[in-house]
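Residue numbers (this note's numbering): 17 to 740.
Where a beta carbon is used, it is the ideal one built from N, C-alpha and C, also for glycine.
Here the structure is laid out as structure tokens; the discussion comes afterwards.
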């Protein structure tokens, strides 16, 4: 028996197996000494067998008592270091030999007449005790094996549950993954606490990412240097190999402060490896047993770390894909908003709405830089924490008045550096903050400032805000360029109109003035030789050209008043049929080739300025006469259209080409053609008509067929019945 258990006897003499082994050896030596004394061998008469008997039997009894009293068979029967193999057949040899010796001793006693020998009785009793102890050891080992099997099954079940939970429940949520790994790992290895540390390569530190069985305030913001030689976590990061620290309270291979805070007695740390790079460490701790973790526990911990690493990688990839999707969706939404936005404030409001949905905040401020100035002015303030906040025009709620909001130091730093800046909550500032500059190639055009109290801003949220800010910066630049282009176009148009006005007015003024000047000079120089009829003809021409000049000046004055909005409109209930008849009589006196007709089938009054509407009808009738060189009928008609009276003037003239229909009411525009050149004009008549009609709340339009004639329509409001 001593030979079979010799490794235990020498490695751990105070263990139950060691006591049994040394006790058996003592009994064997005592039996040998008694046997020599009985055989009267030389040097055996000293009687040294009795002490060995006593010591041996005491060792056996103490070992049996220890086996019976140890509560944890797994600890009691833990194999010693270096005992790598065990042969069950060798374990049966001592029991078999002892049984044979007992049988022979009993047989010898039965077949002899001699009285029982005390030594033989004691030896036989010792062998019997050894058999009983061996049986007790076997029962103990069987129980230990059963407990070991149950423990292994429990660990395997926990690891299987962890795998199912990671794959089915939370494989796409990083926080949930870390929480499950710590909780299930604690149960699988029967540890009192689990702490997961992640490597911050930029800072050269490891920081606490998640924990189980530990108060969070103890480990909050806890960081350790990777170069810390007393830290188990840092050492595992550097070596990339698992490590066990037993008797951690007195060991120098664990961080003293953390060991004391967590009351840890034994530690097991395994690395989290990704592509041969350590990204973190899982540390299992026991607060009860100094040797709670053995070498066999490393494989379980490594299996758990491998499962955690796969789930964390899946969560990381999903987070990246989700972040890209959020960024793409946000850019698509801001692109749609930018299409309809007219001002930078509209763009900022749309951006805040998108940030609220895709990032989330408690307070948001958008500040834009003044042109050629470092000063930033707030254009949008959305404070979700303000009580009784008022609603802004585009749905954004603002707390404090926008004019009282000043850029924070964080926003100023982001604007100067051109990079996003974040800050963690502190006692002075309990909210996490993020300032993102809105960048263009030439610099920052503004800053987005977000704050919230629930949690810090993630890197993916920072990317979304940066992408939105840069897109809005480009959209604001485009709005500015478009505004500049409109201003340039307006200036060009004004310059063109000025040129056209000068050209048209100079031409139109020169023609009647030339006629007046020529005929007046002729009358002055040659009046005595002209006949009475010739003199009267010259005077009539001078009178006609003067009227033409007067009309031109009046049109110019009317247009300038209309453009300035100072033309006075004196409305009154009016019978427009009488006004139309008066206009027709005046125009009819100047033409004999046209027949002016009236089709007026209503007696309702209209709410207009009679003189101004008369000017419209007269202008339309004169145009109909001018552009009907072959004569024909000109029909003026009217009919009610709801609350409006629709008046039309139709001729049988040359008509208007389709390409010019939408421009006939523009200032100075005249349809090109031989008749237009022959008729002349400033191109202001229809423009004046349009503005006069619109000043009454109506509208004017034209329908025409080339070579068939044109019909001009306009509407004016009818007098309401209660007003009458």
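- Bridge pairing for residue 240: 222 [DSSP].
- Note on geometry: alpha-carbon atoms of residue 468 and residue 313 lie some 43 angstroms from one another.
- Counting the other Cβ atoms within 10 Å of the Cβ of residue 675 gives fewer than 16, which makes it exposed.
- Between residue 493 and residue 452, the gap from beta carbon to beta carbon reaches 8 angstroms or more.
- Going by DSSP, residue 736 is part of no beta strand (DSSP E) at all; its letter is neither H nor E.
- Secondary structure of residue 682 (DSSP, three-state): coil.
- Inter-residue distance for residue 366 and residue 351 is about 10 angstroms (C-alpha atoms, whole angstroms).
- In this structure residue 193 touches residue 328 by the C-beta definition: roughly 6 angstroms separates them, less than 8 angstroms.
- About 56 angstroms separates the Cβ atoms of residue 529 and residue 490, ruling out a contact at the 8 angstroms cut-off.
- Taking 8 angstroms as the cut-off, the Cβ atoms of residue 593 and residue 672 do not count as close.
- The three-state secondary structure of residue 608, taken from DSSP, is coil.
- Secondary structure note for residue 655: it is in no alpha helix (DSSP H), and the uninterrupted beta strand (DSSP E) holding it is 648 to 657.
- The beta carbons of residue 375 and residue 466 sit about 7 angstroms from each other, so the pair counts as a contact at 8 angstroms.
- Runs of the beta strand (DSSP E) spanning 3 or more residues and lying entirely within the region 259 to 345 occur at 259 to 261, 282 to 290, 293 to 302, in chain order.
- Following the DSSP letters along the chain, one finds residue 631 inside the alpha helix (DSSP H) bounded by residues 626 to 642.
- Burial is judged here by how many other beta carbons sit within 10 angstroms of a residue's own beta carbon; residue 643 has at least 16 and is buried.
- Residue environment for residue 281: buried (at least 16 other C-beta atoms within 10 angstroms of its C-beta).
- For residue 447, there is no enclosing alpha helix (DSSP H), as DSSP marks it with neither H nor E.
- Residue environment: residue 301 is assigned as buried (16 or more neighbouring CB atoms within 10 Å of its CB, all protein chains considered).
- Annotated three-state conformation of residue 488 is helix, per DSSP.
- For residue 391, the three-state secondary structure derived from DSSP is coil.
- Secondary structure at residue 438: strand, using DSSP grouped into helix, strand and coil.
- The residues 383, 384, 386, in chain order, have a CB closer than 7 angstroms to that of residue 393 in the same chain once the five nearest residues on each side in sequence are set aside.
- Here the alpha carbons of residue 289 and residue 325 stand approximately 7 angstroms from one another.
- In this structure, residue 261 keeps its C-beta atom at 8 angstroms or more from the C-beta atom of residue 247.
- Sixteen is the threshold: since fewer than 16 other Cβ atoms of the shown chains lie within 10 Å of the Cβ of residue 543, the residue is exposed.
- Around residue 587, the same chain offers 623, 624, 625, 712 as residues with beta carbons nearer than 8 angstroms, after the five sequence neighbours per side are excluded.
- Under DSSP, residue 730 takes part in a beta bridge, and its partners are 663, 716.
- Counting C-beta pairs closer than 8 angstroms gives three or more between the region 647 to 664 and the region 718 to 733, which meets the contact rule.
- DSSP lists 382, 452 as the bridge partner or partners of residue 464.
- For residue 556, the three-state secondary structure derived from DSSP is helix.
- Approximately 14 angstroms separates the beta-carbon atoms of residue 242 and residue 285; this is outside 8 angstroms, ruling out the contact.
- Closest in C-alpha terms to residue 604, from the list 584, 632, 640, 591, comes 640.
- In terms of Cβ geometry, residue 211 and residue 222 do not form a close pair [threshold 8 angstroms].
- Excluding residues up to 5 positions away in sequence, 426, 439, 467 lie with their Cβ nearer than 6 angstroms to the Cβ of residue 449 in the same chain.
- Scanning 617, 509, 395 for the CA closest to the CA of residue 657 turns up 617.
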